[in-house]
Every structure is written in structure tokens, then in C-alpha cells.
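Accompanying notes for the structure given below.
Protein chains: 2
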Amino acid sequence: MTKALERREKLRAALIQAAEQMIAERGLAGLKTRDLAREIGCANGAVYNLVADVDELILRVGSRTLLRLDEALTLATNAGESSPRESLVRIALAYCDFAAENLQLWRALFEHRMETGKLVPDWSVHDQMQLFRHIYQPLAALFPERSPEELGITARSLFSAVHGMVALGLEQKLVAVPLPALRKEIAGLVRAMIDGLIARDVKGAAAAD
Amino acid sequence: MTKALERREKLRAALIQAAEQMIAERGLAGLKTRDLAREIGCANGAVYNLVADVDELILRVGSRTLLRLDEALTLATNAGESSPRESLVRIALAYCDFAAENLQLWRALFEHRMETGKLVPDWSVHDQMQLFRHIYQPLAALFPERSPEELGITARSLFSAVHGMVALGLEQKLVAVPLPALRKEIAGLVRAMIDGLIARDVKGAAAAD
DNA sequence: AATAATATTGAACGATGTTCAAGGTTCCTG
DNA sequence: CAGGAACCTTGAACATCGTTCAATATTATT
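So the protein lines, in turn, are chains A and B.
Just so you know, we're using our numbering here: the first sequence kicks off at 15 and counts up by one.
Just so you know, we're using our numbering here: the second sequence kicks off at 15 and counts up by one.
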């Protein structure tokens, strides 16, 4: 039982790695089972012994991408001055840089859509939540009055806003923005958002509108 | 020459409308030429007389979606109190509402990717720029010191940030957010961004970092 | 060593976008 | 109005996918 499973696991790892490289080079749409099979040296049909379908394969690659992204954000959180505000700026810029350096893999995280009715497996869903936690800690330091639920919501909003800037900024479809300009814009708007949130906090929440 | 062209134009319009409905119902991936042909009553191959390929078809549908979106944003700009800040909030909420009510068509605007090498035709690129102009006017009122180029950049950043919140907020992939909560978050963050931008403006631009 | 369990293969299937020769329509011209 | 040129429509055929499966080869167990 060992020999077979060992080989199977080796091939599985090779398959996922080949898929990762193929997505990085040719985009999500360029991922072809026949090319993958040739790459790892097995028959086309054998792919389905290692993985249920391409959906799973894409999710497995996505899991690795999320892991690397997580590392990059962790690195950004701890490096540099420790003011929460500047930590958040560094995290946002790290997100931007990661997306730029891993453009196709990063895009694959959001482009991929399961066919309706098929639900995303647990191990894949779990990964995605982790991203917010980097933002959560500095936010908690900035807004000690807010409840964990409120902080979670604010964290997701901030993350989403930065994600949007990165997504549209790196898109060829709209006007291409040079990366340094994009980084500057992101840093500026993150600082503005934080300052604005703090000001609104002091002033008394929603009473001002 | 009139009879043939007339029929052609009628069929073309029917094709685009059928494509729009099909995307709205089944998503971008559910768009199939054979189904479209059956829908409008012609042969599968005839579709390629009306349209160069499905890429063009998708772009044509996208053009219509952008037009309707533009109308919705125009409506939001003029309705309600005329303070630029609240105009921007209304525009952001209108964008959110439009995306929620036209989820699949709105997604198609961003999901669709041309195969590499094929470039987007002019008439399609032109449409997309128009969206920023709704944001531009209130922004110009809020920041009279800024140059048109700076305003354009800020407008795109603001738009992108809101887009990100809407995109991730409406995504099933991450935790589903109830629409009213999302609207509240968007309104709050837009106000915070504007307040923060104004504060940074007063304080002396980038000198503070 | 024989037999059971499992893995691998590559041909085949069903979709799908796209093309194309054949045959029909429509339009212009004399 | 007749006849030919230009154009349109058709549906079969092609290439390319993901996926399946009976047959074969390999591995594990007794």
C-alpha cells in the first residue's frame, strides 16, 4: 500500500505545482488538463486520480497562493515603525506588491467561479477568512471602543477598498496605471480612510449625518 | 440593399438582447452560441454574420450595461441634497444598488477577459471612462485647489475603493453580507474617505507622512 | 505464486466556439 | 423584367475542451 500512495502523493504535488506554474504563465484560462498530464508525465485521464476535477485543482493552487500572500502580509505587518496607521499602510502596499508580482495567480483567486450548485469545500473557505486578521490587529489598536464584530466589519471594508484599488489599478481594461503611482494613491487613500474614520469616531458616530 | 440590412439589424438587436438576458439568468459562463441561435431563430453559424465572435457580443452587452449604470448614477447625482459629499455617497450607494440588482450583468463587465493579443475595440474602451465623470464633478467642488489630472486620479481611486467594497461584499465566496449592512458600510467609508482627504489637504499634502 | 485490489491508460463522449462550401435571397443593371 | 453578381443562411464538419470508462498493467495480500 505504501509504494502506490507514495507515488500518488508525489504526482499530486507535481500536478499542483505544474498547475500553479501554468496559471502564472498563461492565466486561469490557459490551464489545460492535457498539457498538465504531459508536463508531469502521465496520461490525460490519470489527472482525475489525483484530483476530482479542475475546480479542485484551481482551489488547491489558490490555497498555496493565499498562503504566500499571508506570509507577505505578515512580513509587512512587523517590518518598519509600529504605529498602527503605518502598519495598515504597509499591509495595503504589500497587498498591492504581491498582486503585481503574482498577477495571474492573484487574479485566479477572484476570477474562478464554481459552477452553480457545486459548493466550495471547507478547507478552501477557511483560508480566505485569514486575510482580514492582519488588518484586524492594527485596527483594534486604533479603535479600542469598537466591538470585535464592528472591527471585523471595518477590517473587511478597508480590505475591500484596497482590493478594489489594486484590482482596477492593475487592470489593462481601464487605463493602465504605473505601479509607483498606484502605490502612492493607495498609501494616500488608506491614510485618508483611517483619519476619516478616527474623526468620525470622535465626533460621535452617525449623529453627524 | 435595405431589406437585407434591415433584417440583419433586427436580428443583431435580438441577438444582443438575448445574450443580455442569458447572461443575466445564467452568468457569463452560461452564454452559448447554439442556445442564442435557437432563441432568435437562426442557425448556429449565422450568429457570426451578426457579430465577429462572442467577445464582441459580450462587449456589446457590456456597453448596454454601462449605459444603464450611467443612467442610474446620473439619477443619483441629481437627486437629494446638493452637498458634494452627500452626492458622492449617493453615487456610491447607487453603484452598489445597481450591482446588486444586475448582479450577473455587472459581474460580466469585470469577469470577461480578452484572449491575450486581441485588443478591446475603441467603442468599448470609451464607455468605461465615462463612469468616473460622475465622481469628478463633486470632487472638483470639494477640492478646488487640485488640478484636473489630480482630480482624475482621486476620482478613479474613490471609484475603485467603492467598487472593491461592492465586489467583495456581493461575493458569495467570502461571507455573504446582507445588503443593508453593506450599504451602511459603504456610506460610512465614503464619508470617512472624503473627510480624511479634506483633512490631509488642509494639513499640507504629503508633508505629514 | 496466485489472486484480489487498485492504478493507469488512451480511446471515446458530449459540449463548445468557429469555419466553410453549398445552396438561397436579394439587389442592381441592361 | 431577366439575369447575373453580391450577399446571406445553413448545417455539417473541425478543433479543442473536460470528463468518463472498459481494458490493461501494476501492486498488495493471502
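Ideal placement from N, C-alpha and C gives every residue a C-beta, glycine not left out.
Since we're looking at a predicted model, the values are computed, not measured.
{"Item": "Which residues, in order along the segment 203-214 of chain A, keep a beta-carbon less than 8 Å from a beta-carbon of chain B?", "Value": "L203, R205, A206, M207, I208, D209, G210, L211, A213, R214"}
{"Item": "Compute the beta-carbon to beta-carbon distance between G210 of chain A and G210 of chain B, rounded to the nearest angstrom, for a pair I have assumed lies under 8 Å.", "Value": "3 Å"}
{"Item": "Pull up the CB-CB distance for A122 of chain B and I37 of chain B, whole angstroms please, since I reckon it's below 8 Å.", "Value": "5 Å"}
{"Item": "Measure the alpha-carbon distance for E125 of chain A versus L196 of chain B and round it to whole angstroms.", "Value": "22 Å"}
{"Item": "Does the segment 134-154 of chain A come close enough to the segment 167-177 of chain A that 3 or more CB-CB pairs lie under 8 Å?", "Value": "yes"}
{"Item": "Mapping DSSP to helix, strand and coil, what is D67 of chain B?", "Value": "coil"}
{"Item": "Using only CA atoms, which one of B:A28, B:I208, B:D67 lies nearest to V176 of chain B?", "Value": "B:I208"}
{"Item": "Would the segment 51-66 of chain B count as touching the segment 95-104 of chain B if we require 3 or more Cβ pairs under 8 Å?", "Value": "no"}
{"Item": "Judging by CA-CA distance, which residue of B:Q142, B:R26, B:T88 is the nearest neighbour of A66 of chain B?", "Value": "B:R26"}
{"Item": "Report the option in A:Y62, A:A32, A:L64, A:N63 whose CA atom is closest to the CA atom of D49 of chain A.", "Value": "A:A32"}
{"Item": "If we call anything under 8 Å between Cβ atoms a contact, is D69 of chain B one with K24 of chain B?", "Value": "no"}
{"Item": "Which two residues bound the contiguous alpha helix (DSSP H) that contains V103 of chain B?", "Value": "98-115"}
{"Item": "For M179 of chain A and chain B, any beta-carbon pair shorter than 8 Å?", "Value": "yes"}
{"Item": "Is it the case that the Cβ atoms of Y109 of chain B and L80 of chain B are separated by a distance below 8 Å?", "Value": "no"}
{"Item": "What is the rounded straight-line gap between the Cα of P194 of chain B and the Cα of V134 of chain B?", "Value": "36 Å"}
{"Item": "Under 8 Å between C-beta atoms, does I72 of chain B make it to chain A?", "Value": "no"}
{"Item": "Would DSSP call A28 of chain A helix, strand or coil?", "Value": "helix"}
{"Item": "Give the single residue among A:R22, A:P98, A:R74 whose Cα lies nearest to the Cα of N63 of chain A.", "Value": "A:R22"}
{"Item": "Mark E95 of chain A as exposed unless 16 or more other C-beta atoms lie within 10 angstroms of its C-beta, in which case mark it buried.", "Value": "exposed"}
{"Item": "State yes or no: is the C-beta of L225 of chain A within less than 8 Å of the C-beta of E34 of chain A?", "Value": "This structure gives no information on residue 225 of chain A, because the portion of chain A shown stretches from 15 to 223."}
{"Item": "Comparing C-alpha positions only, which one of A:L71, A:R99, A:F112, A:G44 sits nearest to R82 of chain A?", "Value": "A:F112"}
{"Item": "Would G94 of chain A pass as an interface residue toward chain B - the criterion being a Cβ-Cβ separation below 8 Å?", "Value": "no"}
{"Item": "State the Cα-Cα distance for the pair I225 of chain B and R214 of chain B, rounded to the nearest angstrom.", "Value": "No statement about residue 225 of chain B is possible, as the shown extent of chain B runs from 15 to 223 and does not include it."}
{"Item": "Taking 8 Å as the CB-CB cut-off, is I167 of chain B touching chain A?", "Value": "yes"}
{"Item": "Using the Cβ count rule (16 or more neighbours within 10 Å means buried), how would you classify L89 of chain B?", "Value": "exposed"}
{"Item": "Keeping to the same chain, check which residues put their C-beta closer than 8 Å to that of R74 of chain B; ignore five residues upstream and five downstream.", "Value": "I30, A33, V65"}
{"Item": "Out of A:T47, A:D136, A:E129, A:L107, which one is the CA nearest neighbour of G183 of chain A?", "Value": "A:L107"}
{"Item": "Do you know offhand how far G44 of chain B's Cα is from P98 of chain B's?", "Value": "41 Å"}
{"Item": "Under 8 Å between the Cβ atoms of G178 of chain B and A181 of chain A?", "Value": "yes"}
{"Item": "If you follow the alpha helix (DSSP H) that H148 of chain A is part of, which residue opens it and which one closes it?", "Value": "145-156"}
{"Item": "Would you tell me roughly how many angstroms separate the C-alpha atoms of K46 of chain B and R127 of chain B, rounded to the nearest one?", "Value": "17 Å"}
{"Item": "Mind checking V216 of chain A: buried by the 16 CB within 10 Å criterion, or exposed?", "Value": "exposed"}
{"Item": "Taking the alpha carbon of E115 of chain A as the point to measure from, which residue in A:L19, A:E39, A:F157 has its own alpha carbon closest?", "Value": "A:E39"}
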